[in-house]
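Numbering (the working numbering), first residue to last: 652 to 922.
Just so it is clear, CB atoms sit at the ideal spot from N, CA and C, and this is done for glycine as well.
Here it is, written out as structure tokens:
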């Protein structure tokens, strides 16, 4: 039995049409696909039907572990917040219609007020639970703040909600200057999903951005240790391949998806 569930983040084959992404992800052997709201919204704005996407997902046999992303919920001014909250809630409802369990909520980028963030996150989480999909806090290694596991965990813990979760990502752990050893401090139920990728050591850490991510095993992050820590705390859920490389977007998406799954499994199953 596999130690983890395997998902493909749609960013990895970004230039592929939405319905083809779903088909290819299933054909490559994944169990799930992470979808981006902007791609779904663009499909709908061009005359596509939500039911068409839903049917494609159902017929593929895939799960949608998350949809990406909720913006500005933490940064909005008091005057802006009600409107931002409504936009986030509408996206959560869209995620529910496609069967997603979680929705990724991106972080504050400058001098965050953690008490405010925790309060607003709890409000979003409670609204999400009511309609059927739960926001999860993401940290990003290349923003000014909220760059480490510990930072996202502050929001999870300060929210005081038993269903509060965060998103893990080895690239962001490295890029933010954190340590994968912090995983040992987490409970498995605090992790909505773990993205999976690697980072090179040929570019200074502080200069690396999304396009610099590489396939698992092609960089220097100790992903074996990363997976062992996940297993140690009892996490047995999603690893999702998330890359943003133009060179991969120019290749056959099925070949990219298959190679990515092989790279993930080679590391994770032997960890």
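Rounded to whole angstroms, what is the Cα-Cα separation between residue 874 and residue 853? 18 Å
Residue 758: buried (16+ other C-beta within 10 angstroms of its C-beta) or exposed? buried
What does residue 721 pair with, by DSSP beta-bridge criteria? 756
Assigned secondary structure, residue 856 (DSSP; H/G/I helix, E/B strand, else coil): helix
Tell me which residue opens and which closes the alpha helix (DSSP H) that residue 734 is part of. 732 to 748
Using 10 angstroms around the beta-carbon of residue 860, count the other beta-carbons present and answer buried if the total reaches 16, otherwise exposed. exposed
Between residue 676 and residue 899, is the Cβ-Cβ spacing less than 8 Å? no
For the candidate residues 724, 768 and 660, whose alpha-carbon lies nearest to that of residue 715? 660
To which residues of the same chain is residue 695 closer than 7 Å at the C-beta, ignoring the five residues directly before and after it? 701
For the alpha helix (DSSP H) containing residue 696, list its first residue and its last residue. 688 to 696
On the DSSP letters alone, give me the boundaries of the beta strand (DSSP E) that residue 799 sits inside. No beta strand (DSSP E) holds residue 799; DSSP gives it neither H nor E.
Cut-off 7 Å between Cβ atoms - residues of its own chain near residue 886, not counting five sequence neighbours on either side: 839 and 842
Same chain, Cβ closer than 6 Å to residue 794, neighbours up to 5 away in sequence not counted: 760
Smallest Cα separation from residue 845: which of 891, 737 and 732? 891
Measure the C-alpha to C-alpha separation of residue 918 and residue 889 and round it to an integer number of angstroms. 14 Å
Return the bridge partner residues of residue 656 from the DSSP annotation. 889
Check for me: the beta strand (DSSP E) holding residue 926 runs from which residue to which? In this structure the chain extends from 652 to 922, so residue 926 is not present and cannot be described.
Excluding the 5 residues preceding and the 5 following residue 774 in the sequence, name in chain order all residues of the same chain whose CB lies nearer than 8 Å to its CB. 736
What would DSSP say about residue 728, mapped onto helix, strand or coil? coil
Three CB pairs or more closer than 8 Å across the stretch 794 to 803 and the stretch 857 to 872: no
What are the residues that DSSP puts in a beta bridge with residue 864? 850
Can you list, in chain order, the residues of its chain whose CB lies under 7 Å from that of residue 784, leaving out five sequence neighbours each side? 743, 746, 747, 751, 752, 753 and 754
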